[in-house]
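Inspection log for the structure reproduced underneath, given as structure tokens.
Number of protein chains: 2
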Amino acid sequence: MNAETVKLARKRAAEMCRRAGIALTPAEEAAMEVADFGLGKIDRYGFEIVVYVHTARTCAKEIILFPRQTCPEHRHPFVEASNPGKEETFRCRWGEVYLYVSGPPPAANPKAVVPLGDENFFTVWHEVVLRPGDQFTLPPDSLHWFQAGDEGAILSEFSSTSTDENDVWTNPAIRRAPVID
Amino acid sequence: MNAETVKLARKRAAEMCRRAGIALTPAEEAAMEVADFGLGKIDRYGFEIVVYVHTARTCAKEIILFPRQTCPEHRHPFVEASNPGKEETFRCRWGEVYLYVSGPPPAANPKAVVPLGDENFFTVWHEVVLRPGDQFTLPPDSLHWFQAGDEGAILSEFSSTSTDENDVWTNPAIRRAPVID
């Protein structure tokens, strides 16, 4: 990503928060994380994140998704005795999110649309639709991915401590830490 | 408290959430915790809580405060090795909150108003004013209390696991678990 992409994404995500009635400080807007997972298609794969708190015990974030923006499939494995994998809850604050986890039944007509050619990187298909007020808790090490609906979405994430560097992504091309030219 | 008080408090708090753009499900509204700390003066001492998630590792809630409603002074002590006391972050979503913690300087003209006769139950006076987008993180075992401003307030609480039964309150008359006639 170049710096201009990051700047525009932050501005757009902050505007979505304002529309949703979610107050951010100027410092939070300026420090917002913009991730494209190293895939270079941020409108398709990516998210924008405001980290509210992140300690050795707990973590809370706001995740902003542009229309149809997708967080690719991944899981949070066991790290050590004090962190047996990240346990996370997604709560929809605004918009609509299609969350996919393992388990039957797979969605017959999934609401999410996977980019042509990337089908192999999406292996779990049990669909959970999250609208404002809906939430879902994932135990550690659960494969999952999600995509916003046509208006985009905002999710609160409440979790145990987050160690992104340990995440396992189904698409081997993914690089979680953003690289800005 | 009688059941009617609880019902009215839930209705009023849910209406505040709607005004603030915070979506709750009907089940969340129906299960909302209404606490008066056993003091029988819910307009003065109390809060309304929607627990989003509460596991052995993490906890997230929405705390709704009516105008000038006060959460009395307390702390979250060491419980055991796996829970060295609750660590919590309060993030203001709507309204204004006056949070008091220990440490200099004490507020010369505090914004909160303590009910006459209860002065001895408020011993920490370093003032933190939280407006929408502002937040404050408390380490375990820190004495603290807070009061909403004249319009009321909504706070998100992000924390490690919560064990209310271990909390230590400065006012010995307080009973944390609500009793409903």
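Top to bottom, those sequences are chains A and Z.
One rule links them: number in my numbering = place in the first sequence (from 1) + 206.
One rule links them: number in my numbering = place in the second sequence (from 1) + 206.
Beta carbons: idealized from backbone N, C-alpha and C, even for Gly.
8 Å Cβ cut-off: residues of chain Z touching residue i
i, result
"A/G339", "A229, L230, T231, E234"
Short CB-CB distance (under 7 Å) between residue i and chain A
i, result
"Z/R224", "no"
"Z/V307", "no"
"Z/A359", "no"
"Z/A314", "no"
"Z/T211", "no"
"Z/A354", "no"
"Z/T383", "With the sequence shown as reference, residue 383 of chain Z is identified as Ala, and Thr is not the correct amino acid for it. Judged by the 7 Å Cβ criterion, Z/A383 is not in contact with chain A."
"Z/A241", "no"
Rounded separation between residue i and residue j - CA only
i, j, result
"A/N315", "A/D340", "21 Å"
"A/V285", "A/E302", "32 Å"
"A/P310", "A/P290", "25 Å"
"Z/W300", "A/A229", "8 Å"
"A/A379", "A/E293", "25 Å"
"A/N208", "Z/G246", "59 Å"
"A/R382", "Z/R337", "33 Å"
"A/K317", "A/Y304", "7 Å"
"Z/V256", "Z/G323", "31 Å"
"Z/A174", "A/E254", "A question about residue 174 of chain Z goes unanswered here, because the residues of chain Z that appear run from 207 up to 387."
"Z/I270", "A/V385", "40 Å"
"Z/G252", "Z/C277", "6 Å"
"A/T231", "A/P283", "33 Å"
"A/V307", "A/D356", "21 Å"
"A/P346", "A/F272", "26 Å"
"Z/T329", "A/D249", "52 Å"
"Z/A354", "A/L344", "34 Å"
"A/W375", "A/P312", "20 Å"
"Z/D373", "A/E325", "51 Å"
"Z/Y258", "A/Q275", "25 Å"
"A/H332", "A/R224", "32 Å"
"Z/S288", "A/S288", "9 Å"
"Z/H350", "A/F342", "31 Å"
"A/V335", "Z/T295", "29 Å"
"Z/G210", "Z/D242", "Here residue 210 of chain Z is Glu; the residue named in the question, Gly, does not match the sequence. The straight-line gap from Cα to Cα measures roughly 14 Å."
"Z/R297", "A/F352", "26 Å"
"Z/G358", "A/G358", "31 Å"
Per-residue contacts from residue i into chain A (C-beta, under 7 Å)
i, result
"Z/R263", "E293, S366"
"Z/R297", "Y258"
Under 8 Å by beta carbon: chain A residues contacting residue i
i, result
"Z/Y304", "Ordered by position in chain A, no residue passes the 8 Å Cβ test against Z/Y304, which lies about 18 Å from the chain."
is_contact[residue i, chain Z] using C-beta, thresh 7 Å
i, result
"A/V335", "no"
"A/Y251", "no"
"A/A237", "no"
"A/A266", "yes"
Residue i beta carbon near the ligand SAH (any heavy atom closer than 6 Å)
i, result
"A/V259", "Ligands displayed in this structure: none; no statement on the ligand SAH is therefore possible."
Contact set between residue i and chain Z, taken where Cβ atoms lie within less than 9 Å
i, result
"A/V285", "None at all; the shortest Cβ gap to chain Z is about 13 Å."
"A/T369", "Here the premise fails: no neighbours, minimum Cβ distance about 14 Å."
Contacts that residue i makes with chain Z (C-beta to C-beta distance below 7 Å)
i, result
"A/A219", "Within chain Z, no residue comes near A/A219; the closest Cβ sits about 15 Å away, beyond 7 Å."
Same chain only: Cβ atoms within 6 Å of residue i, ignoring 5 sequence neighbours per side
i, result
"A/C265", "S365, T367, S368"
"Z/V319", "none"
"Z/T261", "none"
"Z/N377", "P278, F327"
"Z/D370", "R382"
Closer than 9 Å at the beta carbon, the chain A residues around residue i
i, result
"Z/V257", "The contacting residues do not exist; Z/V257 stays about 11 Å from chain A at best."
"Z/T343", "V259, T261"
Nonlocal neighbours in the same chain, by C-beta distance under 7 Å from residue i, ignoring five residues either side
i, result
"Z/V212", "V240, I386"
"A/S348", "R281, V307, S308"
"Z/P321", "R250"
"Z/A226", "R299, W300, I360"
* How about the region 212-224 of chain Z and the region 235-254 of chain Z: do they share at least three Cβ pairs that are nearer than 8 Å? -> yes
* Taking one C-beta from the region 349-363 of chain Z and one from the region 253-271 of chain Z each time, how about it: are there three or more such pairs within less than 8 Å? -> yes
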